[in-house]
Amino acid sequence: MTTLEKLIKHFERFPGIGSRQARRFAHHLLTEPAESVIELSELISAIQSTVKECAFCHRFHAVNGTGDVCTICADPKRDHTRLIVVERDSDMLAIERSGTYDGLYFILGGTVPLLDSEDIKKLRGTALKRRVTKQAGNGLAEIILAFSVNPDGENTSRYVESILKDSVATHTITLTHLGRGLSTGSELEYADPETIKNALSNRK
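Numbering (our numbering), first residue to last: 2 to 205.
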């Protein structure tokens, strides 16, 4: 296998990228100036040492003075009584851009597809239960489930509800879902700020 073919195969591993797009990416690099390709290579090499996963919410963040915790989780001004559970980092960023939420987050790591229960093993269900138990000691009052409005998102909501059932009852925590605003079939990361604002305001 040639270097070009290996590169195309690597691009095909990216989420949502097919063979045609992967080939397009690879050929684009062949037409780029050498310095641009070198810079990209250096950025890829440095990413694992300059970006790490937050020990609390599990989002990826730039290495900074807060240690293993991201700036959001380390911010004492955030509302520690509320916790939003989302599928991916991109969903959290969409909510942050809306400017309507000042609580904390937990990145579940994906969804539970209706046709593939094996994906549950890839999610951070156990870590979520630990997080809820720990935050309950700091006054956690509400957990908001913010998943995509599609069958997989709904299935994920049921999964999270089941694993948090005992914790919610023990610590008297309210469990809510995003309300009207997000249309059926939509994904949170693509929603505009006003839509997210309405969905949060109408959670139930």
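Ideal placement from N, C-alpha and C gives every residue a C-beta, glycine not left out.
A quick note: this is a predicted structure, and the numbers were derived from the prediction, not measured.
With DSSP as the reference, label residue i as helix, strand or coil.
i, result
"Asp193", "coil"
"Ile174", "coil"
"Tyr160", "helix"
"His28", "helix"
"Val87", "strand"
"Asp153", "helix"
"Leu41", "helix"
"Ile18", "coil"
"Leu129", "helix"
"Asp169", "A small correction: the amino acid at residue 169 is Val; Asp does not occupy that position in the sequence shown. DSSP places Val169 in helix when its eight states are reduced to three."
"Leu201", "helix"
"Glu36", "helix"
What residues in its chain sit with their C-beta under 8 Å from that of residue i, if we drop five residues either side in the sequence?
i, result
"Val52", "Phe61, His62, Ala63, Val64"
"Phe18", "The sequence given here places Ile at residue 18; Phe does not occur at that position. Excluding sequence neighbours, Ile18 sits near Phe12, Phe26."
"Thr72", "His62, Asn65"
Which residue marks the beginning of the alpha helix (DSSP H) containing residue i, and which one marks its end?
i, result
"Lys53", "Not the alpha helix (DSSP H): Lys53 falls in the beta strand (DSSP E), residues 52-54."
"Phe12", "4-13"
"Thr112", "Here Thr112 belongs to no alpha helix (DSSP H), and DSSP marks it neither H nor E."
"Ile96", "90-99"
"Lys205", "Segment: none, Lys205 is in no alpha helix (DSSP H) and carries neither H nor E."
"Cys74", "72-75"
Would you list the one or two residues that DSSP bridges to residue i?
i, result
"Asp80", "Gly104"
"His62", "Lys53"
So, are the CB atoms of residue i and residue j less than 8 Å apart?
i, j, result
"Leu165", "Leu176", "yes"
"His59", "Ile96", "no"
"Leu115", "Val86", "no"
"His81", "Gly140", "yes"
"His172", "Ser158", "no"
"Ile144", "Leu84", "yes"
"Gly110", "Leu124", "yes"
Got a sec, what are the start and stop residues for the beta strand (DSSP E) residue i sits in?
i, result
"Glu207", "Because the chain is modelled from 2 through 205, residue 207 falls outside the range shown and cannot be assessed."
Spatial neighbours of residue i within its chain, please: C-beta separation below 6 Å, excluding the five flanking residues on both sides.
i, result
"Ile9", "Ala23, Arg24, Ala27"
"Ser99", "Pro194, Ile197, Lys198"
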